[in-house]
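Chemist: In full-length UniProt numbering, the protein residues as written are 1 to 85.
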Amino acid sequence: MLAWYKKYMFFIGIFGQFVFYSQFYAIITNQSAKDVSLFGFMCGLLSVSSWMLYGIMIRDKPLIVANVVATIGAVLTVIAILIYR
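#1: Can you tell me which of Met42, Leu53 and Leu63 puts its alpha carbon nearest to the alpha carbon of Ile79?
#2: Leaving aside the five residues before and after Ala66 along the sequence, list all residues of the same chain whose C-beta is less than 7 Å from its C-beta, in chain order.
#3: Considering only their Cβ atoms, is the gap separating Met52 from Ala70 smaller than 9 Å?
#4: What number of angstroms, rounded off, separates the C-alpha of Thr29 from the C-alpha of Leu63?
#5: Please report the distance separating the alpha-carbon of Gly44 from that of Val36.
#6: Gly73 to Ser49, Cα distance in whole Å?
#7: For Val36, which of helix, strand or coil comes out of DSSP?
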């Protein structure tokens, strides 16, 4: 049961990080970040990059993979916000 749940959480950990990509897509598609909070996404970037580094330090593959996905998405979103402000 635990092995199955670990696989499930690995999937959820990655899937849940796609919120950054959906916002990035919306900004690029609309060519506007008018109502998007730069501060909020900077906080999100700080959070996921911190979790990524923690995962690296403790060598936890699900934490690393999920938060690498999230960090890339957060960086892209912050860049898009800065470009389309």
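For glycine and all other residues, C-beta sits at the position ideal for the given N, C-alpha and C.
Quantities reported herein were computed from a predicted structural model and do not represent experimental measurements.
Modeler: Reading it off the structure:
#1: Met42
#2: Gly13, Ile14 and Gln17
#3: yes
#4: Looking at the two C-alpha atoms, the distance is approximately 30 Å.
#5: 13 Å
#6: 11 Å
#7: coil
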